[in-house]
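Q: Taken in order, these protein sequences are the chains called A and B. With the working numbering applied, the first sequence covers 5 to 162. With the working numbering applied, the second sequence covers 33 to 305.
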Amino acid sequence: MVRRQYSDYGEVKVTGWEPPPLHAHNDIELWLGADLVHLPIVRSVVATIATRADFDLDAIADLRLAVDEACSTLITRAIPGTTMRCRFTVSDEELRFTGTVKSATDSKPSTKSFGWRVLTTLTDAVDARVTTNGQEGHQVDIEIAKRRAVVDVPGAGA
Amino acid sequence: MTGFRAQPAQPTSSNEYEHLAPLFDELAALDEADEARRAELRDQLVTGHLPLAEHIAQRFSGRGVAKEDLVQVATVGLINAVDRYDPSRGTDFLSFAVPTVMGEVRRHFRDTGWLVRVPRRLKELHLSISSANTELAQRLNRAPTPSEIAAHLGVSQDEVFEGLEAGNAYHSMSLDEVLSGDTENLALGDTLGEEDTALEGVENHEALLPLIRELPERERKILGLRFVHNMTQTQIAERIGVSQMHVSRLLARTLERLREGLTEQEDEDPVSS
Numbered sequence: 005m006v007r008r009q010y011s012d013y014g015e016v017k018v019t020g021w022e023p024p025p026l027h028a029h030n031d032i033e034l035w036l037g038a039d040l041v042h043l044p045i046v047r048s049v050v051a052t053i054a055t056r057a058d059f060d061l062d063a064i065a066d067l068r069l070a071v072d073e074a075c076s077t078l079i080t081r082a083i084p085g086t087t088m089r090c091r092f093t094v095s096d097e098e099l100r101f102t103g104t105v106k107s108a109t110d111s112k113p114s115t116k117s118f119g120w121r122v123l124t125t126l127t128d129a130v131d132a133r134v135t136t137n138g139q140e141g142h143q144v145d146i147e148i149a150k151r152r153a154v155v156d157v158p159g160a161g162a
Numbered sequence: 033m034t035g036f037r038a039q040p041a042q043p044t045s046s047n048e049y050e051h052l053a054p055l056f057d058e059l060a061a062l063d064e065a066d067e068a069r070r071a072e073l074r075d076q077l078v079t080g081h082l083p084l085a086e087h088i089a090q091r092f093s094g095r096g097v098a099k100e101d102l103v104q105v106a107t108v109g110l111i112n113a114v115d116r117y118d119p120s121r122g123t124d125f126l127s128f129a130v131p132t133v134m135g136e137v138r139r140h141f142r143d144t145g146w147l148v149r150v151p152r153r154l155k156e157l158h159l160s161i162s163s164a165n166t167e168l169a170q171r172l173n174r175a176p177t178p179s180e181i182a183a184h185l186g187v188s189q190d191e192v193f194e195g196l197e198a199g200n201a202y203h204s205m206s207l208d209e210v211l212s213g214d215t216e217n218l219a220l221g222d223t224l225g226e227e228d229t230a231l232e233g234v235e236n237h238e239a240l241l242p243l244i245r246e247l248p249e250r251e252r253k254i255l256g257l258r259f260v261h262n263m264t265q266t267q268i269a270e271r272i273g274v275s276q277m278h279v280s281r282l283l284a285r286t287l288e289r290l291r292e293g294l295t296e297q298e299d300e301d302p303v304s305s
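1. Mind checking the stretch 164–179 of chain B against chain A and listing, in chain order, the residues whose C-beta falls within less than 7 angstroms of any C-beta there?
2. Is there a Cβ of chain B sitting closer than 8 angstroms to that of I148 of chain A, yes or no?
3. Could you list the residues in the stretch 93–107 of chain A with a C-beta less than 8 angstroms from some C-beta on chain B, going in chain order?
4. Could you say which of A:T115, A:I83, A:L126 lies nearest to D66 of chain A if we only look at CA atoms?
5. Evaluate L287 of chain B with the Cβ neighbour count: other Cβ atoms within 10 Å of its Cβ, from every protein chain shown; 16 or more gives buried, anything less gives exposed.
6. Using Cβ-Cβ distances below 9 angstroms, what residues of the stretch 119–133 of chain A are close to chain B?
7. So, do the stretch 92–100 of chain A and the stretch 130–146 of chain A have three or more beta carbon pairs nearer to each other than 8 angstroms?
8. May I ask which residues mark the beginning and end of the beta strand (DSSP E) holding D145 of chain A?
9. Please classify N262 of chain B as buried or exposed, where buried requires at least 16 neighbouring CB atoms within 10 angstroms.
10. Determine, using beta carbons only, whether R121 of chain A and F259 of chain B come nearer to each other than 8 angstroms.
11. My parser needs the alpha helix (DSSP H) runs of 4 or more residues fully inside the stretch 148–180 of chain B; what are they?
12. Is the CB-CB distance between Q189 of chain B and S179 of chain B below 8 angstroms?
13. Any contact of the stretch 99–118 of chain A with the stretch 72–83 of chain A, i.e. 3+ C-beta pairs under 8 angstroms?
14. Is there at least one Cβ from chain B nearer than 8 angstroms to E140 of chain A's Cβ?
15. What three-state label does DSSP hand G103 of chain A in the structure shown?
16. Going by beta-carbon coordinates alone, are L157 of chain B and A198 of chain B separated by less than 8 angstroms?
17. Closest Cβ-Cβ distance between A198 of chain B and chain A: below 8 angstroms?
18. Whole angstroms is fine: what's the gap from R151 of chain A's alpha carbon to V50 of chain A's?
19. Could one say the Cβ of R81 of chain A lies closer than 8 angstroms to chain B's Cβ atoms, at least one of them?
20. Applying the criterion that 16 or more other CB atoms from any shown protein chain within 10 Å of the CB defines a buried residue, is D118 of chain B buried or exposed?
21. Keeping to the same chain, check which residues put their C-beta closer than 7 angstroms to that of A219 of chain B; ignore five residues upstream and five downstream.
22. If I measure Cβ to Cβ from D128 of chain A and keep anything under 8 angstroms in the same chain, skipping five residues before and after, which residues do I get?
23. Quick check: is the beta carbon of G233 of chain B nearer than 8 angstroms to any beta carbon in chain A?
24. Would you call V154 of chain A buried or exposed, if buried means 16 or more other Cβ atoms sit within 10 Å of its Cβ?
25. Go ahead and pull the three-state DSSP assignment for I32 of chain A.
26. I'd like to know whether the C-beta atoms of A164 of chain B and L196 of chain B end up nearer to each other than 8 angstroms.
27. Quick check on A284 of chain B - is its C-beta less than 8 angstroms from some C-beta in chain A?
28. Less than 6 angstroms between C-beta atoms, sequence neighbours within five positions excluded: which residues of the same chain meet that for C90 of chain A?
29. Under the three-state reduction of DSSP, which class applies to M88 of chain A: helix, strand or coil?
30. Just reading off the beta strand (DSSP E) that V134 of chain A is part of, what are its end residues?
31. Per DSSP, which one or two residues make a beta bridge with T266 of chain B?
32. Which residues in the same chain have their Cβ closer than 6 angstroms to the Cβ of V130 of chain A, if we skip the five residues on either side of it in sequence?
33. Output needed in chain order: residues of the stretch 62–74 of chain A with a Cβ under 9 angstroms from some Cβ in chain B.
34. With H, G and I counted as helix, E and B as strand and the rest as coil, what does DSSP make of A57 of chain A?
35. Can you give me, in chain order, the residues of the stretch 91–111 of chain B that have a beta carbon less than 9 angstroms from any beta carbon in chain A?
36. Is the shortest distance between the beta-carbon of T55 of chain A and the beta-carbons of chain B less than 8 angstroms?
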């Protein structure tokens, strides 16, 4: 397995966290400390990506809120001092966000929480996964997808 | 509320507000069902304490934020303080309200990125985008995309991106107020009961409801319309007469507040999961 050379990063341990290769030029990945202070950065990134991908303003605003919610949930579960990974994938149909942290417990984010209700209202698909990987501990992912609204191209249709 | 008094804020002494204290007791003792009297008392208490908000706003002046904006934010803090104050705890209102109002003003400085200088051109662009958004949403019956806004305004898409970003950096409540006019005068059909039922399936329902009840009326309404009635932000904006961008901002703030509230409760009362 290829390991990233993060030796300069002090306490942050990311070994065994090698992400799958980025698929195309429209995949974007962000690694940051699993700390609430970084939320504004993730929010801005998702908004910028959605804006550039010409999502409608409601979808952009919903994505900001959803990513905020997803990351808050993840960060509160993350082992302090570890890293959160955020991946954004834009396609013709949708924008997909996957947030990943390492957690000390293997409990899955509850689908009955208010936060989950927020996520399902704001997006078209939500999924949470916990993978346990021996001594590496537990990895929690939250994945959300927002479909692009059907925009009538002027001239197409009546 | 019809504008704020123009005279400079006087130093506040508790004497000035003494006559208002009995109103809090009345408010606390009031029958839940007496909405009319409750609203009346709340109004009197907020209006009566306005000089306090002005006084605090004054203390933050000279930092590049317009006085009217500061007064507006301080007033929001004051309204929150009036709503949350519990006279049975034994502290007097002023010692409760002053930190609450100052907190609101500080948060405004912190959250809204006021310290980021946004060039005038971008502020104006942001304004045009916001009004184009409202106009196009009405025509299209959904929120427009950045490219549609660009076409409508006759500017490049890049300029629209810039303008939208400026809005994020600037986060100005006042810009929204320019567009949305008097937002305090909402005729709000209270759907609180309905929201209670809709949220019953939520596991932290019992912790959540008091937090929702504490929200200012408009925020609570917007929350309900988005997460119970599943309306889009554009539809909500139209319904309550503010811009979509403002709805977005209020929702973000409300969700953050609820999250904070729920986390605090968990910290106090750890639940094994």
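Ideal Cβ placement from N, Cα and C applies to all residues, glycine included.
A: For this structure:
1. N165, R174, A175, P176, T177, P178, S179
2. no
3. For the stretch 93–107 of chain A, which is checked against every Cβ of chain B, not one residue is closer than 8 angstroms.
4. A:L126
5. buried
6. Residues of the stretch 119–133 of chain A with a Cβ closer than 9 angstroms to any Cβ of chain B, in chain order: G119, W120, R121, V122, T125, L126.
7. no
8. 142–151
9. exposed
10. yes
11. 152–172
12. yes
13. Yes, the stretch 99–118 of chain A touches the stretch 72–83 of chain A.
14. no
15. strand
16. yes
17. no
18. Rounded to the nearest angstrom, the two C-alpha atoms are 14 angstroms apart.
19. no
20. exposed
21. With a pLDDT of 36 at A219 of chain B, under the threshold of 50, the predicted position of this residue should be treated as unreliable, and no value is reported.
22. E98, A149, K150, R151
23. yes
24. Under the 10 Å beta carbon count, V154 of chain A is surrounded by fewer than 16 other beta carbons and is classified as exposed.
25. strand
26. The Cβ-Cβ distance between A164 of chain B and L196 of chain B does not fall below 8 angstroms.
27. yes
28. L34, V46, G103
29. strand
30. 129–136
31. According to DSSP, T266 of chain B bridges with nothing at all.
32. Excluding residues within five positions, the ones whose Cβ falls inside 6 angstroms are L123, T124, I148.
33. D62, A63, I64, A65, D66, R68, L69, D72, E73
34. coil
35. none
36. yes
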